[in-house]
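Visitor:
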Amino acid sequence: MNPGLNFFEKRFAIFSFMFLTGVFRLASFFTSPDATNDAVPSYNPFDKVSSLFQQFVYLTSFFLLLARPKGSVRAAIRDPWIWLLVLMSIFSFLWSDYPAISKRRGITTFQTSYLGLYLASRFTLKQQLQMLCWAFGIITVFSFLFSLAFRGVAVEAGANAGSWRGPFTQKNLLARLMVLAAIIFILIALDKPKHYKLAWGLFGNAVLMILLTGSKTALLLLLTILMVLPLYNLLRKKDTILIPVLVSVILIGGSSLIFITENWLNILASLGRDPTLSGRTTLWEIAIEKINERYWLGYGYQAFWLEGGGAEIIWRHEGYKPPHAHNGFVNMALDFGVLGLIIFLTIIIVTYARGVIWLRAGNTWAELWPICYVTFFFMYNHTESTIIEHNSIFWTLLVSVALSMKRVKPTRNLSLPPDVHLVDKKVKQNSE
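All residue numbers in the sequence shown are consecutive under the UniProt record's numbering, ending with 432.
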């Protein structure tokens, strides 16, 4: 491995992670701090810079994939379901109400996906976790200092007055990034690296930022992840039905608490009026009715929530214009129909199952990264929409996690076949 190229690729990966979070846009400077203000965001000069960064990231990762064709193909075929969903996003323009937009965004989603493929083919999961620690460490500290320095734009006003949003447009965007950051930092810290105290400090900073955003959903999700983390670790030590049952109870309980927290005002209001929830629940009911109208393939990638699209009836009923369904699974069915939703759930189930096998094959906390990330990704989409998006750190990480896990046998004591040892040896040599 060329030392200069190795040096560049690691820093390129860190830069790519940061770009995908949207931190470089400094969007809070150009968006009203009052979430109820319908004013159009002002011109953002950083969008042009972000566009240049986008071209740099995707062109560079594309050529780096071509430079290692065997490794790229080997990683790509580990999960064909990923590419089936990506193909749906590209070709959904054929049935979309806005074919030009669906086609353009589908192509960008393909670029976001092959960036995840590049990361999976070039770096081990442990290396990816370490580089994520660098990227999110910078973002966490920067967001904290930014919020202190520019409180007028970094702290929300109006209905969410006092909630920190940092350099992002809304507090929930900062909160979900900080939950992800906290998961990364604690997995790094528990393995006790050379600078593990720094990792614990960053974890504390991320938790503080979650509290300052005022996002109860983010806090509940983090607490749920922290509760299942030791149970996931026990899965590699004990073959008992009790641990999976406990994990299931905690995940179901956590998901229920997140739903209740997000809708508690509507629930209280409904107790005095009628047995159906208002707010998001009504939005979901109308959205499901619209799904039934285009049951199998949906309305095309990101076409439903556009002006003149299928969302018009929801907007009229709600009295405002939500940009998505506030539920990733409903949004997935609107974009790709029930067929796309089935494909996505297959990706989640397969990746989760392989994550269990993967953690049992190792003995460090880093092996818990895949299963922890899938848990985070699945649970957050109960109230947000972060499934398949262009320029999304969350979709890129799902692709990289799914394609990074080589097939290993589910019994820890069985020796790996010779070809797997050779592959692991080559990966380690390439990562030096």
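C-beta atoms are modelled at their ideal positions from N, C-alpha and C, and glycine is treated no differently.
If you draw a straight line from the C-alpha of G106 to the C-alpha of V86, how long is it?
Guide: Going by the C-alpha atoms only, they are around 8 Å apart.
Visitor: Pull up the distance between the alpha-carbon of F146 and that of I138, whole angstroms please.
Guide: For F146 and I138, the distance between alpha carbons rounds to 12 Å.
Visitor: How about I313 and F344: do their beta carbons lie closer than 9 Å?
Guide: Contact flag unset, no.
Visitor: The alpha helix (DSSP H) that contains P230, what's its start and end?
Guide: Segment 216-234, the alpha helix (DSSP H) holding P230.
Visitor: Expressed to the nearest angstrom, what Euclidean distance is found between the alpha-carbon atoms of T124 and S404?
Guide: Cα to Cα, T124 sits roughly 7 Å from S404.
Visitor: Among the residues of its own chain, which have a CB less than 8 Å from the CB of S392, if the five just before and after it don't count?
Guide: Correct list, in chain order: L20, T112, T386.
Visitor: What ranges does the alpha helix (DSSP H) occupy inside the stretch 82-159, keeping only unbroken runs of at least 4 residues that lie completely in it?
Guide: You should have 99-122, 125-149, 151-154.
Visitor: Report the rounded CA-to-CA distance for A35 versus S143, giving the unit in angstroms.
Guide: So the two alpha carbons sit approximately 19 Å from each other.
Visitor: On the criterion of 16 or more Cβ atoms from any shown chain inside 10 Å, does I77 qualify as buried, or is it exposed?
Guide: With fewer than 16 Cβ atoms within 10 Å of its Cβ, I77 is classed as exposed.
Visitor: Indicate the three-state DSSP secondary structure (helix, strand or coil) for T79 in the structure shown.
Guide: The amino acid at residue 79 is misidentified as Thr; the sequence shows Asp. In this structure, D79 counts as coil in the three-state DSSP scheme.
Visitor: According to DSSP, is D335 helix, strand or coil?
Guide: In this structure, D335 counts as helix in the three-state DSSP scheme.
Visitor: Would you check if the distance between the CB atom of H382 and the CB atom of G328 is smaller than 9 Å?
Guide: Taking 9 Å as the Cβ cut-off, H382 and G328 qualify as a contacting pair.
Visitor: So what does DSSP say about D34, is it helix, strand or coil?
Guide: Strand, per DSSP.
Visitor: Check whether the stretch 361-371 and the stretch 229-238 are in contact - that is, three or more C-beta pairs closer than 8 Å.
Guide: Touching, per the Cβ criterion.
Visitor: Beta-carbon within less than 8 Å of L117's beta-carbon, same chain only, minus the 5 sequence neighbours each way: which residues are those?
Guide: The residues are L65, S72, A75, A76, V399, S400, L403.
Visitor: Mapping DSSP to helix, strand and coil, what is W164?
Guide: The answer is strand: DSSP assigns W164 an E or B state.
Visitor: In the structure shown, what three-state DSSP assignment does P370 receive?
Guide: Reduced to three states, the DSSP call for P370 is helix.
Visitor: Here's the rule I'm using: 16 or more other beta-carbon atoms within 10 Å means buried, otherwise exposed. How should P167 be labelled?
Guide: Buried, because 16 or more other Cβ atoms sit within 10 Å of the Cβ of P167.
Visitor: Could you say which of E156, K216, V23 lies nearest to I258 if we only look at CA atoms?
Guide: It is K216 whose Cα lies nearest to the Cα of I258.
Visitor: Less than 8 Å between the CB atoms is what I'm expecting for L246 and L229, so what's the real figure, rounded?
Guide: Wrong, their Cβ atoms sit about 12 Å apart, outside the cutoff.
Visitor: E384 lies in the alpha helix (DSSP H); which residues open and close that run?
Guide: Premise fails: E384 is in no alpha helix (DSSP H) and is neither H nor E.
Visitor: Once the 5 residues before and after T276 are set aside, which same chain residues still bring their CB inside 6 Å of it?
Guide: Low per-residue confidence applies at T276: pLDDT is 43, beneath 50, and the placement is therefore not dependable enough to give any value.
Visitor: Cα-Cα, which of S163, A67, M178, L341 is closest to E9?
Guide: The candidate whose alpha carbon is nearest that of E9 is A67.
Visitor: I need the straight-line Cα distance from A189 to H195, nearest angstrom please.
Guide: Taking the straight line from one Cα to the other gives about 8 Å.
Visitor: Pairs of beta-carbons, one from the stretch 331-341 and one from the stretch 291-306, closer than 8 Å: are there three or more?
Guide: Verdict: yes, contact present.
Visitor: Is the beta carbon of V356 sitting closer than 9 Å to the one on I371?
Guide: Result yes, Cβ atoms of V356 and I371 sit closer than 9 Å.
Visitor: Would you report the Cα separation of T60 and V249, rounded to the nearest angstrom?
Guide: Straight-line Cα distance between these residues: approximately 44 Å.
Visitor: Which one of L226, P69, G362, G204 has the shortest CA to CA distance from T375?
Guide: Ranking L226, P69, G362, G204 by Cα distance to T375 puts L226 first.
Visitor: Give me the Cα-Cα distance between A218 and Y295, rounded to the nearest whole angstrom.
Guide: Using only the alpha carbons, I get a separation of about 32 Å.
Visitor: Return yes when the Cβ of T109 is within less than 9 Å of the Cβ of W395, no when it is not.
Guide: The answer is yes: Cβ separation under 9 Å.
Visitor: How long is the line joining the alpha carbons of S92 and L251, rounded to whole angstroms?
Guide: So the two alpha carbons sit approximately 33 Å from each other.
Visitor: Any idea what DSSP makes of T169, helix, strand or coil?
Guide: Looking at T169 - three-state DSSP - the assignment turns out to be coil, as it is neither helix nor strand.
Visitor: DSSP three-state label for M18, please.
Guide: Note: M18 maps to helix in three-state DSSP.
Visitor: What does the alpha-carbon distance come out to for the pair L52 and Y43?
Guide: Between L52 and Y43, the C-alpha separation is close to 17 Å.
Visitor: By the three-class DSSP mapping on this structure, what secondary structure does T364 have?
Guide: In this structure, T364 counts as coil in the three-state DSSP scheme.
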